[in-house]
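*Asks:* Here the sequence shown is numbered in our numbering, starting from 9 and rising by one per residue. Note that CB positions come from ideal geometry on N, CA and C, so glycine has one too. The model shown is predicted, which means the values in this text are computed figures rather than measured ones.
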Amino acid sequence: MPESKLHVVLLRSTPDPEEVIAQAAKLCYSPASIDDLKKQIESKNQANFIGKLTDMRHHSPLEHATFTFGVEGISRSCSHQIVRHRLASYSQQSQRYVGQQSGKTGGFHFVVPPGIDKIGKKTWFIEKMNIIQQWYDELTEALGNEGERAFEDARFLLPNAAETKIIITMNARELLHFIQVRCCNRAQWEVRELATEMLRQAKQVSPHIFKDAGPGCVNGACPEGKMTCGEMNEVRTRFKNLS
Ligand SMILES: Cc1cc2nc3c(=O)[nH]c(=O)nc-3n(C[C@H](O)[C@H](O)[C@H](O)COP(=O)(O)OP(=O)(O)OC[C@H]3O[C@@H](n4cnc5c(N)ncnc54)[C@H](O)[C@@H]3O)c2cc1C
Numbered sequence: 009m010p011e012s013k014l015h016v017v018l019l020r021s022t023p024d025p026e027e028v029i030a031q032a033a034k035l036c037y038s039p040a041s042i043d044d045l046k047k048q049i050e051s052k053n054q055a056n057f058i059g060k061l062t063d064m065r066h067h068s069p070l071e072h073a074t075f076t077f078g079v080e081g082i083s084r085s086c087s088h089q090i091v092r093h094r095l096a097s098y099s100q101q102s103q104r105y106v107g108q109q110s111g112k113t114g115g116f117h118f119v120v121p122p123g124i125d126k127i128g129k130k131t132w133f134i135e136k137m138n139i140i141q142q143w144y145d146e147l148t149e150a151l152g153n154e155g156e157r158a159f160e161d162a163r164f165l166l167p168n169a170a171e172t173k174i175i176i177t178m179n180a181r182e183l184l185h186f187i188q189v190r191c192c193n194r195a196q197w198e199v200r201e202l203a204t205e206m207l208r209q210a211k212q213v214s215p216h217i218f219k220d221a222g223p224g225c226v227n228g229a230c231p232e233g234k235m236t237c238g239e240m241n242e243v244r245t246r247f248k249n250l251s
């Protein structure tokens, strides 16, 4: 039963995302036709304009660019937090259709929290995962060993640590919001690592949209009030330098 590690791939993004965002934004303020607007926009660098748009909080044009990520090596506990973000689209590997028996598939994969390793309990934790695997195998067999009728009930034994795979599509506005709340030190370590990696990859294809992206404190005071981590300077430096 292998341990899983986070793996994120930016599968697709809108080609020239900054161009389409600039077209949508300029259309709001211009009498020009779509064809003229397109020509004007294509001939210019949109970096300053994108910056102004975010300063003005005119965020709706950002919805015209989308980013699709393939994610694996995360726990079900992490995916549960991700799917709370309602303005995104998801496709997640099913524990109902995909069996996790040790004999047929090598068993369920799982994530070991670094904190458990740190206190010297990793071997202990893996032993418990092995015990759960035995229970899962026994129950799957008792339920007929095949197909969703067996897997849909046997999965009730699987832990939050069980690995999952998910494809996520977010538009740039939602992605910026996701990054703001999930890259914060107050977010749980696993979703924070994922959100930071999504930001790193999005920034590579769209450096201007994501130039100042990061947790709330990157662009102002910490919004967490009494719950602040107090490490704003370190966090700001880390996200300004993320590449
Ligand atoms: C540190 C942290 C701790 C958390 N702890 C808990 C917890 O203990 N328990 C728990 O249940 N959840 C918890 N959450 C999840 C949190 O409550 C949200 O469900 C999650 O962050 C999704 O955020 P959102 O609703 O802003 O985002 P999205 O669903 O991505 O929506 C984006 C934005 O669109 C707008 N929007 C979307 N849908 C609506 C709507 N129906 N009506 C009005 N406006 C809408 C809002 O402005 C929203 O901010 C936690 C989140 C974080 C970051």
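From this set, MET240, ALA96, THR204, HIS72, which residue's C-alpha is nearest PRO23's C-alpha?
*Replies:* For this step, residue 23 is matched to residue 15 along the sequence shown. The shortest C-alpha separation from PRO23 is found at HIS72.
*Asks:* Could you give the distance in angstroms between the alpha-carbon of GLU11 and the alpha-carbon of GLU135?
*Replies:* On the sequence shown, position 3 is the one that residue 11 refers to. On the sequence shown, position 127 is the one that residue 135 refers to. C-alpha separation (whole angstroms): 12 Å.
*Asks:* Check whether the Cβ of GLU71 lies closer than 7 Å to any heavy atom of ligand 1, and answer yes or no.
*Replies:* As a first step, residue 71 must be located in the sequence shown, where it is residue number 63. No, the Cβ of GLU71 stays beyond 7 Å of every heavy atom of ligand 1.
*Asks:* Whose C-beta lies closer than 6 Å to the C-beta of LEU61 among residues of the same chain, with five residues either side of it excluded?
*Replies:* Numbered from its first residue, the sequence shown carries residue 61 at position 53. So the list reads ALA33, once near-sequence residues are dropped.
*Asks:* Helix, strand or coil: how does DSSP classify HIS67 here?
*Replies:* Here residue 67 refers to the residue found at position 59 when the sequence shown is read from its first residue. In the structure shown, HIS67 sits in coil (DSSP, three-state: anything other than H, G, I, E or B).
*Asks:* If you draw a straight line from the C-alpha of LEU184 to the C-alpha of PRO167, how long is it?
*Replies:* Residue 184 sits at position 176 when you count from the first residue of the sequence shown. Residue 167 sits at position 159 when you count from the first residue of the sequence shown. Cα to Cα, LEU184 sits roughly 31 Å from PRO167.
*Asks:* Could you check if LEU45 belongs to the surroundings of ligand 1, using beta carbon to heavy atom distance under 7 Å?
*Replies:* Numbered from its first residue, the sequence shown carries residue 45 at position 37. LEU45 Cβ: outside cutoff for every heavy atom of ligand 1.
*Asks:* Mind listing, in chain order, the continuous beta strand (DSSP E) runs of no fewer than 3 residues lying wholly within the segment 123-186?
*Replies:* The qualifying runs are 171-179.
*Asks:* So what does DSSP say about THR74, is it helix, strand or coil?
*Replies:* To locate residue 74, count along the sequence shown from 1; it is residue 66. Strand, per DSSP.
*Asks:* Quick one, which of PRO69, GLN48, ASP63, GLU27 has its alpha-carbon nearest LEU214's?
*Replies:* Locating residue 214 in the sequence shown gives position 206, where the first residue counts as 1. The sequence as given places Ser at residue 214; Leu does not occur at that position. SER214 has its Cα closest to that of GLU27, out of PRO69, GLN48, ASP63, GLU27.
*Asks:* Pairs of beta-carbons, one from the segment 147-159 and one from the segment 95-114, closer than 8 Å: are there three or more?
*Replies:* Counting Cβ pairs under 8 Å, three or more are found: they touch.
*Asks:* How is ILE217 classed by DSSP in three states: helix, strand or coil?
*Replies:* Looking up residue 217 in the sequence shown gives position 209. In this structure, ILE217 counts as coil in the three-state DSSP scheme.
*Asks:* Spatial neighbours of HIS67 within its chain, please: C-beta separation below 6 Å, excluding the five flanking residues on both sides.
*Replies:* Here the question's residue 67 lines up with position 59 in the sequence shown. If we look at HIS67 and ignore the five residues flanking it on each side, its Cβ neighbours are ARG181.
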